[in-house]
Structures are given as structure tokens and as C-alpha cells.
Amino acid sequence: MTSSQALLTRYKDVVAPAIYRYTDLTFVRGEGVYLYDADGRRYLDFSAGIATMAVGHQHPRVVEAVIQQAHRLFHAAAHIGVMEPYVALLEKVRSLAPGHLREGKGILLNSGSEAVEAALKLARYVTGRPIIIAFRHAFHGRPMGALAATASNAAFRRRLSGLAVGVHHMIYPTPRVPFGRSPEERGQMALELIEEALRTVLPPEDVAGILVEPILGEGGYFVPPPGFLEGLRALCDRYGFLLIADEVQTGLGRTGRWFAVEHWGVEPDILVLGKALGGGLPLGAVLARREIADAWDPGAHGSTFGGNPLACQAGLATIAVIEEEGLLENAQQVGAYLRERFEEARTSMPMIGDVRGLGLMLGVEVVEPETGRPAIDRIGPFVKAISQAGVVITKCGESTLRIAPPLILTREQADEGVEIILKVLRG
Ligand SMILES: Cc1ncc(COP(=O)(O)O)c(C=O)c1O
């Protein structure tokens, strides 16, 4: 038995099956864009811990920052007193944020879903209104509150229906919606459906905010049509709703900008962050316009570990590396290159459908060559086979390969990954 097999056996004996796993790979070490298994085998990481490890694994700057902090202080709790890394990280994130959020205030939590839940509480608290508009195909997390907004897969809610008290799901205008002839028209119609709901089932004065992923993540890496996010902003302005952007996956450089909303010049009232924010340690954040944050009274929210100093230092070092190594530009350039490579492959491989996304948030849809329909039954085996062949990858949506490598990926490493993926797809 190999070391990986032995570890997998122990895992299966002790870990409940609720935690779905894309592969049976083991990971014991990481370096840059590579992961190593228990037998020392190397894999190119196109998953980055689910779009998390922005500057790669064990970046020396991040490691050093955590070590230095570990020598000083692990934890004292934001409810007991002031910890400098907590302050410094919020100052830094705020300095990068769009528009009025630059003068905003925030809090730190332990994960993306915790941050989503805090944002929903904040919106309801300050508006005094009970309803949140969210979208089908969106993913906001698994704990009960975040799950109430999650609608990317009915399986996530199985045996838990009835959760969604106060959340009303509208249509996200992906190319799959059965209306609209152009992307713009689909976006416009999705906005009109919200207006229609506001006339019939959702009294506007009961709506606290609109929660939206600027690009659908788990739901399939769908980029919204021009005008859609701008239209949501306009609806919020018209009716006094708060626009809550869930940038847990898209945020901090993944799409080639610090925040995906910048691609459309849209300014949210509340920004939700996670994943890359902690540089690999658990961390989430909510940043809100100043007057909104100031209306959130003392004691209205809290967390023992939120803003843990080690995680904050990892996050600060991660952001510094993104700035100093020009990783926004790299995400744009290598992302465009990867996209070209898959688009070129598509011309001779009918099983490659849509290639979509922004920056290093790229989706490559696998379809049935005969019908062009999503290859729902084949995507799981493909993900396993590609990972086994040396590129750690996951899926999103129904049948889309989710490509979300560290933002430090080079063209050569991109080529290495594309070759392996195409070889497996060709069979
Ligand atoms: C857009 C988005 N929101 C929220 C979450 C939940 O974050 P976490 O898994 O850190 O709780 C995720 C996780 O994938 C996400 O992609």
C-alpha cells in the first residue's frame, strides 16, 4: 500500500461522507503552483484550494509573516481589545475598495459564509426590512443562514427546505435562461422580472438588499451581461435597497482587478470577502459604507476568532505580494492566454463548449459532442482523470471545468496544464 492509499484509508474510516471530495489525492506539501502528495508526486494546482491561494503555496513572504506573528501573539479576541493586524488588514482592504467603500468600515470573520451571514444581518439590521433578494445558481455558503441564499444546486438544500425565510431568489441571466436573444436582452429581462416581483410578491419597502455574486462562481463561472449589475445598482438606488456584492471567490485579484465589480464600474454598499483574504488561513470580511457600518450598534454581531492575528498577517502579506509582483496584470495576461488556448482547442474538439470567465477565473464547459448539451455524467470522471494525470482541478455549474490557479501562474505552467487537460479530454 502506498502512503497515499494508507492516508485515504484512515480518512474514510474517520471522516463523515458529507464532505464531498472531487478526488482521492492526498496533499502533504505545497510550493508555488505545485502540490505534492504523500508519495512525493507533484501536481500542478489549477484549484488553489478553491480559488484561495492567490500567491501560491508557501510563499516565503506569507510564511514569514505568519511565523513572526506566531512569535508575538496567536489570539486575544477582538471583543476583548484591539489587535493591530485586525486594524491593518481592514485599512488595507478599504484602501483598495471601490468608491465610497474607501471611507467604509468593516469587521472580520472566519470564513466566506460567515461573512455572508454577517452582511445579511447588517442589511436587515440597518434597514429594518426583512427580505433579501438573491439569485438562482448563486453560491453563498453552507451554514444555515448562508445556505438560505445559496441556490446553485438543489442537493445543497436537500432535507433542509424551508430554510429560505426572508430570501427571495430571482433569475441570474446566464445564457441558459429560456428568454432573451442577446446577452443584453437577457440581462434586461432578468431586471424586469425583479421589477415584476416588486409589483406582485415583494413589497419594495420590505426588501433590505440584493445579494449578488458579480460573476457566478460555484454556479458555473458565468459572467453577467453588460448592464445587469449596473441595473441592480439602479434598482437599489430607486428603492433604497443595499447592494451586497459577494466577492468571496472573485475578490482580491482573481478576475484581474482587485474586485470584480470594478469591471462594470459598480459600487456596492456592502462588500463580502473570504478565500484569498486569509492567504490560506481562515478569514472573511464585511466592508460597508461608513454610515451603514456606523448604524450597526455595538453587540449586534461578534465572533471569538474573527480577525485572528495570524490570518490577518497572512492576508496582509498576500495583498502585498499581489501588489509587488504585479499579479493583477499577470491574472489578466495569463488568463487571456489560457482562454485563447482553450478556444483554439475548441475548434477541433467538439466536446469543448463555452469557454468563459475573467482573469484567472476561467470555465471550460464540457459538452456532449453530438448534442452540445452539458456532459453532466462525464464531468466527474474527467475531473478525477485530469487530477490523476497531474493537474488538480474541480468543476462548477453542471459540467464546467473550473480553472482557478494561483495568480502567480506563468505562461509555461499554463501550457503544462492545458496539455494535460486536453490529453485527458481527447481520451
Ligand atoms: C461566492 C462565495 N460565497 C461564499 C462562499 C462560502 O465561503 P466559505 O466556504 O469560506 O464559507 C463561497 C465558497 O466557495 C463562495 O464561492
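My numbering numbers the first residue of the sequence shown as 371 and each following residue consecutively. Here a beta-carbon is modelled for each residue, glycine too, at the ideal position from N, C-alpha and C.
Between W628 and the rest of its own chain, which residues show a CB-CB distance below 6 Å, the 5 nearest in sequence each way excluded?
-> For the purposes of this step, residue 628 is identified with residue 258 of the sequence shown, where counting begins at 1. Within the same chain, W628 has close Cβ partners L466.
Taking the C-alpha atoms as reference points, what is the distance between E738 and M719?
-> Counting from one through the sequence shown, the residue named residue 738 turns up at place 368. Counting from one through the sequence shown, the residue named residue 719 turns up at place 349. Cα-Cα distance, rounded: 11 Å.
Roughly how far, in whole angstroms, is the beta-carbon of P679 from the beta-carbon of V425, given that I think they are within contact range, below 8 Å?
-> The residue labelled residue 679 in the question sits at position 309 within the sequence shown. The residue labelled residue 425 in the question sits at position 55 within the sequence shown. Not really, about 19 Å apart at Cβ, beyond 8 Å.
Selection from K754, V762, R748 and G685 that minimises the alpha carbon distance to P455 = For this step, residue 455 is matched to residue 85 along the sequence shown. Minimum Cα distance to P455 is reached at G685.
Between I746, K754, A516 and T770, which lies nearest to R726 when the distance is taken from Cα to Cα?
-> As a working note, residue 726 is residue 356 in the sequence shown. The option with the nearest alpha carbon to R726 is T770.
If you measure from each residue's Cβ to the nearest non-hydrogen atom of ligand 1, which ones come out under 6 Å, in chain order?
-> I420, S481, G482, S483, V486, F509, H510, G511, E583, G587, E588, D616, V618, Q619 and G644
Go ahead and pull the three-state DSSP assignment for A655.
-> Along the sequence shown, read from residue 1 onward, the residue named residue 655 stands at position 285. It is a strand residue.
Buried or exposed: where does Q619 fall if 16 or more other Cβ atoms within 10 Å of its Cβ makes it buried?
-> As a first step, residue 619 is located in the sequence shown; it is residue number 249 there, counting from the start. It is buried - the Cβ of Q619 has at least 16 other Cβ atoms within 10 Å.
Closest by CA to Y495, which one among G587, E401, E554 and D667?
-> Looking up residue 495 in the sequence shown gives position 125. Cα-wise, what sits closest to Y495 is D667.
Thinking C-beta only, is V761 closer than 7 Å to L414?
-> By 1-based counting over the sequence shown, the position of residue 414 is 44. By 1-based counting over the sequence shown, the position of residue 761 is 391. Result yes, Cβ atoms of L414 and V761 sit closer than 7 Å.
Considering only residues of the region 612–695, which uninterrupted alpha helix (DSSP H) runs meet the minimum length of 4 residues and lie entirely inside it, listed in chain order?
-> 660–664 and 679–694
Within-7 Å CB hit, E661 to chain C = The structure shown contains no chain C; it holds only a single protein chain.
Taking just the CA atoms, how far does R512 sit from G648?
-> One-based indexing of the sequence shown puts residue 648 at position 278. One-based indexing of the sequence shown puts residue 512 at position 142. About 19 Å.
Expressed to the nearest angstrom, what Euclidean distance is found between the alpha-carbon atoms of I640 and L605?
-> In the sequence shown, residue 640 corresponds to position 270, counting from 1. In the sequence shown, residue 605 corresponds to position 235, counting from 1. If you take the alpha carbons of I640 and L605, they lie about 15 Å apart.
C-alpha gap between G621 and R499, whole angstroms | Position 251 of the sequence shown, counted from the start, is the residue given in the question as residue 621. Position 129 of the sequence shown, counted from the start, is the residue given in the question as residue 499. Using only the alpha carbons, I get a separation of about 27 Å.
Which first and last residues belong to the beta strand (DSSP E) in which F505 is found?
-> Position 135 of the sequence shown, counted from the first residue, corresponds to residue 505. Note, F505: beta strand (DSSP E), I501 to F505.
To which residues of the same chain is G536 closer than 8 Å at the C-beta, ignoring the five residues directly before and after it?
-> Along the sequence shown, read from residue 1 onward, the residue named residue 536 stands at position 166. Answer for G536: R494, P500, I501, I502 and A518, listed in chain order.
What separation, rounded to the nearest whole angstrom, lies between the Cα atoms of L697 and M423?
-> As a first step, residue 697 is located in the sequence shown; it is residue number 327 there, counting from the start. As a first step, residue 423 is located in the sequence shown; it is residue number 53 there, counting from the start. Each residue's alpha carbon lies about 12 Å from the other.
Option in I585, E555 and G579 with minimal Cα separation from H539 = Looking up residue 539 in the sequence shown gives position 169. The candidate whose alpha carbon is nearest that of H539 is G579.
In or out: D785 buried (at least 16 other Cβ within 10 Å) or exposed?
-> Locating residue 785 in the sequence shown gives position 415, counting from the first residue. Burial call: exposed.
Work out the CA separation of G729 and E713 for me, nearest whole Å.
-> The residue given as residue 713 occupies position 343 in the sequence shown. The residue given as residue 729 occupies position 359 in the sequence shown. Roughly 15 Å between the two C-alpha positions.
Stretch-stretch touch, CB-based, cutoff 8 Å, three pairs: the region 584–596 with the region 475–486 | no
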